[in-house]
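Encoded as structure tokens, the structure appears first; notes follow it.
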Amino acid sequence: MSDIFNNELFEAFGAASDHVYIYVCDMKTNVSRWSLAAVDYFGLEGEYLEDAASVWGKHVHPDDLKTYTDDINGVFSGEKKYHNCQYRARNAKGKYVWVECKGSVIRDAYGNPIIFAGLMTRIDGQSKYDTLTGLLTTQELHYFDFAAQPGIALLIGMDGFRKTISNYGYNIGDELLIKFSRKIAELCKPEWKVLRFSGDEFLVVAFASDLQEVTDFYGQLCRETDIMKLEDGRKVGVSISAGGVLFPKDADSREVLINKLEHSLEFAKNNQRGSLTFFSEEIAKIHERGLVLREDLKQCIQDGFKGFELFFQPFISQATGAIAGCECLLRWKGERIKDSYPMEFIKVLEDYGEINAVGYWVMEHAIRQQAEWRARYGELQVSFNVSYQQLLDDTFEERTIACAKKYGVNPNYIIIELTESCQVEAPKELAAMFGRLREQGFKIALDDFGTAYASMEMLKWLPVDFIKVEHSFIRELAQPGHDIDYVIVDSLLEMCRRLGYDSIIEGVEDSKVADIVGALNATLLQGYHYSHPICRGDFEKMLEEKSMHLGETQA
Ligand code: C2E
Ligand code: CA
84 MSDIFNNELF EAFGAASDHV YIYVCDMKTN VSRWSLAAVD YFGLEGEYLE DAASVWGKHV
144 HPDDLKTYTD DINGVFSGEK KYHNCQYRAR NAKGKYVWVE CKGSVIRDAY GNPIIFAGLM
204 TRIDGQSKYD TLTGLLTTQE LHYFDFAAQP GIALLIGMDG FRKTISNYGY NIGDELLIKF
264 SRKIAELCKP EWKVLRFSGD EFLVVAFASD LQEVTDFYGQ LCRETDIMKL EDGRKVGVSI
324 SAGGVLFPKD ADSREVLINK LEHSLEFAKN NQRGSLTFFS EEIAKIHERG LVLREDLKQC
384 IQDGFKGFEL FFQPFISQAT GAIAGCECLL RWKGERIKDS YPMEFIKVLE DYGEINAVGY
444 WVMEHAIRQQ AEWRARYGEL QVSFNVSYQQ LLDDTFEERT IACAKKYGVN PNYIIIELTE
504 SCQVEAPKEL AAMFGRLREQ GFKIALDDFG TAYASMEMLK WLPVDFIKVE HSFIRELAQP
564 GHDIDYVIVD SLLEMCRRLG YDSIIEGVED SKVADIVGAL NATLLQGYHY SHPICRGDFE
624 KMLEEKSMHL GETQA
């Protein structure tokens, strides 16, 4: 008998619950072991089953058999990463119960499946009503027939709800969810169904309704929940986004409907915050690209950061017109996706927790590059970007200092650019860390300064050395009607001067803007007018041509 079955862990997990069942299948012999609870509850012949797929197939409700087999075949063929579907299965008493079945395949070095293992959860006994909001739970979805009656489903999510909880606490979070759910129920037509989908997501199933009714409902919901008043009198700004799917036109089953709703909501949150976005083929393609992107990125990281490269964009000293240093900007090409811009792939890295690993790679390459160039061209001010998430890693400070020591660089020539002006959750801790890094000589820059509401707040809390003025203020300075941008930039620079900070103006795209900016009082200038971000060889050529004067276009 296969080793994979002779495992006390299997018995321990198997005995842990009477409504969660586990199974493991040796794919070479097609023999599987099922937990005793599963054997009892579903009336299986024994713990060990030969050809379990066909034995179990006989337990699956005939109407759900296709869903089940499509999903499982997708996993075996490698098309799907995980087995994850809900269907009805017949128990020992001959009664069909809803189960959620999840599993995954382990493959050998040649990609052949060797083990299939997973767990099955009985979901029939779950509550019909959500205990917090009193709305129906998703269990109710099993009873809707999306193929039979036309309508529109909306998945509504509260934007940045996690941040709201971290700002106000869980109790206020609950209060908001309750108030929000009541408002949805109040604005819905009586024949519509409202369900709590998960956390801060609500599902509205609008049977027999047209687009106009649904968009009117959503518009009113946005208006009426824009600012929500708490019991203690405080007011909280709430923003929502939603995905919409027409059924049965775009989805005739629960699984497809939920899938498409989730993709549409994800798209709305990422691209059109606040909007109600209906499912389209474009959204399906973007979702698909996101999956490939994630897999490609993961593979590249596993392959020793294959496909990652740093590009360099010069900083021009406003005082001398010479190249004073550069910003290191990450580039990446995957096996399948070769045209992804940092804005896209960095977000994926951030969303899936890979930004730290890649961030350390960037830091090491930037610092090593500074050391290499110093030996050839003299000191250059080299900056690299860090996402806020990277700073939350306990080892960030230690690794930054160790890296500078390893390559023997003077930290005075390293600028750490904090990319997002986010709501800093622990400003005191971050300020202390910046303080310690600055004591070592490192320079800290606040990137994209002036755009987010949080910018001024961050300036108040965080000790920094540079402010980078956001390029949206700069790019159109020379165009008529942009006098206000000039006043904003001028005032920001004056503020920097008075606070003793250096400044970097980025986004200088042409000579007209360069002339206007020339009259201002910044420390460093950056933009396409001087050079696009370029590869190492080209940047070195530019350094060797040495005199790089203001007004010359190198791009
Ligand atoms: P950022 O830090 O604001 O970087 C400046 C971006 O503006 C770069 O885009 C650069 O190519 C672009 N740019 C430079 N000059 C001009 C100009 O004159 N006009 C215009 N319109 N754009 C200009 P890029 O390289 O696509 O990077 C986008 C963002 O990705 C960066 O914005 C930064 O937030 C992030 N990023 C890039 N590399 C890294 C990295 O290594 N780590 C992290 N965490 N984020 C990175
Ligand atoms: Ca930057």
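For any residue, its number in this note's numbering is found by taking its place in the sequence shown, counting from 1, and adding 83.
Every residue, glycine too, gets a C-beta built ideally from N, C-alpha and C.
Supposed contact pair residue j and residue i - C-beta distance, whole angstroms, cut 8 Å
| i | j | result |
| --- | --- | --- |
| VAL596 | HIS615 | That pair is no contact at about 15 Å. |
| GLN221 | LEU278 | Reading the sequence as shown, one finds Thr at residue 221 and not Gln. Right, their Cβ atoms sit about 6 Å apart. |
| TRP181 | HIS225 | 6 Å |
| LEU376 | VAL431 | 5 Å |
| ILE557 | GLU577 | With 8 Å as the limit, ILE557 and GLU577 do not qualify as a contact, their Cβ atoms being about 16 Å apart. |
| LEU127 | LEU238 | Actually they are not in contact, since the Cβ atoms of LEU127 and LEU238 sit about 37 Å apart, beyond 8 Å. |
| GLY533 | LEU575 | 6 Å |
| LEU412 | ILE429 | In fact, because the Cβ distance is near 10 Å, the residues do not count as touching under 8 Å. |
| LEU560 | ALA514 | With a Cβ gap of about 33 Å, LEU560 and ALA514 do not count as contacting. |
Beta-bridge partners of residue i, as assigned by DSSP
| i | result |
| --- | --- |
| TYR131 | ARG116 |
| THR204 | VAL103 and GLU183 |
| GLU500 | ASN468 and ALA528 |
| ASN167 | LYS185 |
| CYS383 | None; CYS383 has no bridge partner. |
| MET241 | ILE323 |
| CYS579 | Its beta-bridge partners do not exist; DSSP assigns none. |
| PRO397 | CYS409 |
| CYS108 | SER115 and PHE199 |
Pair within 7 Å by beta-carbon distance, residue i and residue j
| i | j | result |
| --- | --- | --- |
| GLU500 | SER466 | yes |
| VAL297 | ILE235 | yes |
| HIS142 | PHE159 | no |
| GLY706 | GLU592 | Lying before the first or after the last residue shown, residue 706 is absent from the chain, which here runs from 84 to 638. |
| SER322 | ASP242 | yes |
| PHE388 | CYS409 | no |
| CYS486 | GLU462 | no |
| SER115 | ALA135 | yes |
| PHE330 | SER347 | no |
| ASP379 | GLU418 | yes |
| VAL103 | THR216 | no |
| SER470 | GLU433 | yes |
| ILE384 | ALA440 | yes |
| ILE155 | HIS166 | yes |
| VAL547 | ILE527 | yes |
| ILE587 | PHE549 | yes |
| TYR490 | ILE438 | no |
DSSP-derived helix/strand/coil call for residue i
| i | result |
| --- | --- |
| GLU635 | Its pLDDT being 43, under 50, GLU635 is placed unreliably in this model, and the value from its coordinates should be taken loosely. It is coil, neither helix nor strand. |
| ALA602 | coil |
| LYS551 | strand |
| PHE360 | Looking at the sequence itself, residue 360 is Thr, so the reference to Phe does not match. Three-state DSSP puts THR360 in a strand. |
| LYS312 | strand |
| TYR212 | strand |
| SER137 | helix |
| GLN609 | coil |
| LEU329 | strand |
| GLY234 | strand |
| VAL297 | helix |
| LYS624 | helix |
| ALA172 | strand |
| GLY126 | coil |
| TRP456 | helix |
| LYS276 | strand |
| VAL287 | strand |
| ASP153 | helix |
| PHE229 | coil |
| ARG519 | helix |
| VAL143 | strand |
| ASP568 | helix |
| GLU392 | strand |
| GLY97 | helix |
| LEU475 | coil |
| ARG317 | coil |
If you pair each beta-carbon of the segment 238-254 with each one of the segment 188-205, do three or more pairs fall below 8 Å?
no
Take every Cβ of the segment 256-271, pair it with every Cβ of the segment 282-292, and state whether three or more of those distances are shorter than 8 Å.
Between the segment 256-271 and the segment 282-292, the count of Cβ pairs shorter than 8 Å is three or higher; the stretches touch.
With contact counted as at least three CB pairs below 8 Å, one residue from each stretch, are the segment 169-183 and the segment 89-100 in contact?
no
Evaluate the contact criterion for the segment 259-266 versus the segment 349-367: three or more CB pairs, one atom per stretch, below 8 Å.
no
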